[in-house]
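Undergrad:
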Amino acid sequence: MNGLLGPGALYLFAIRALVTLIVIPFHESAHALVSWLLGDPTAKNAGRLSLNPLRHFDPVGTVCMLLGGVGWARPVGVQPYRFRNPKVGMAVSAAAGPMSNLLLAYICMILYKAAVYATNGAAAGVVLDFLWLMISMNTSLAVFNLLPVPPFDGSRIFLLFLPQRTYFRAMRYERVIMAVVLLLVLTGLLDRPLSFCVNAVWQGLDTGTLFVDALFRGL
Numbered sequence: 126m127n128g129l130l131g132p133g134a135l136y137l138f139a140i141r142a143l144v145t146l147i148v149i150p151f152h153e154s155a156h157a158l159v160s161w162l163l164g165d166p167t168a169k170n171a172g173r174l175s176l177n178p179l180r181h182f183d184p185v186g187t188v189c190m191l192l193g194g195v196g197w198a199r200p201v202g203v204q205p206y207r208f209r210n211p212k213v214g215m216a217v218s219a220a221a222g223p224m225s226n227l228l229l230a231y232i233c234m235i236l237y238k239a240a241v242y243a244t245n246g247a248a249a250g251v252v253l254d255f256l257w258l259m260i261s262m263n264t265s266l267a268v269f270n271l272l273p274v275p276p277f278d279g280s281r282i283f284l285l286f287l288p289q290r291t292y293f294r295a296m297r298y299e300r301v302i303m304a305v306v307l308l309l310v311l312t313g314l315l316d317r318p319l320s321f322c323v324n325a326v327w328q329g330l331d332t333g334t335l336f337v338d339a340l341f342r343g344l
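Residue numbers (this note's numbering): 126 to 344.
(1) Nearest CA to the CA of residue 216: which residue from 179, 189, 188, 156?
(2) I need the DSSP call for residue 198, collapsed to helix, strand or coil.
(3) With a threshold of 16 other CB atoms inside 10 Å of the CB of residue 150, please say whether the residue is buried or exposed.
(4) For residue 209, which of 165, 221, 242 has the nearest alpha-carbon?
(5) Going by DSSP, which residues form a beta bridge with residue 341?
(6) Where do the ends of the alpha helix (DSSP H) carrying residue 273 lie?
(7) Tell me whether residue 208 sits in a helix, a strand or coil according to DSSP, three-state version.
(8) My understanding is that residue 276 touches residue 200, with C-beta atoms under 8 Å, so please give their C-beta distance in whole angstroms.
(9) Going by alpha carbons, who is nearest to residue 319 out of 235, 265, 140?
(10) Quick check: the Cα distance between residue 326 and residue 261, rounded to an integer number of angstroms?
(11) Does the Cβ-Cβ distance between residue 268 and residue 233 come in under 8 Å?
(12) Could you tell me the distance, in whole angstroms, from the CA atom of residue 214 to the CA atom of residue 188?
(13) Among 154, 174, 190, which has the Cα closest to the Cα of residue 143?
(14) Relative to the C-alpha of residue 137, which candidate in 252, 225, 227, 239 has its C-alpha closest?
(15) Given a cut-off of 8 Å, decide if residue 152 and residue 226 are closer than it, judged by their beta-carbon atoms.
(16) Straight-line CA distance for residue 311 to residue 303?
(17) Tell me, please, which residues DSSP counts as bridged to residue 182.
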């Protein structure tokens, strides 16, 4: 019990909570923004083009995010018929969420490497822990949401390569599929493939920010 409620655990939970307050609204607002830019104001009119966390949080998904680093928010409403090309519009607006997380992760990787070279002391440790969790949770959320099954964003991207009838037939079983995926996550059966993908993203972020290492080592 002391381990679960000790200073270290509470410290980690506090940082994870702060990161969650940033990551989920950023992800969902990206969906809303791109949908609006592509001609569908549904999410904007519903108040989802906002960084206010309360407009996006799903109770269960938020708890999963806080405890396990992977979760979900309330779905952003989309009206495909408002797009010039519904399938492309759905795919692009869906991709906006995970791409926003990867962008945040990339920025935080740059800041993390810069902070490693430029800071020291206790305050530096807090900054590094925050940035590390920002990278970790953003990459995990991006990978998780790119699963090519409903209701995840990846399914709407995958729609580009499927007959529309097949996709909407699968959507009928969205809740069942979601329950199965959650079961696989909770039992650890998805750990290996998800970890492989997350590690690949980490490697890409590290490679894409080698210029930061070169810059500071050259000073």
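In this text, a Cβ means the ideal position worked out from N, Cα and C, and glycines have one as well.
TA: With the given structure in hand:
(1) 156
(2) strand
(3) buried
(4) 165
(5) DSSP output for residue 341 lists no bridge partner at all.
(6) Unbroken run through residue 273: none, as it is neither H nor E.
(7) coil
(8) 7 Å
(9) 265
(10) 10 Å
(11) no
(12) 31 Å
(13) 190
(14) 252
(15) yes
(16) 12 Å
(17) 198
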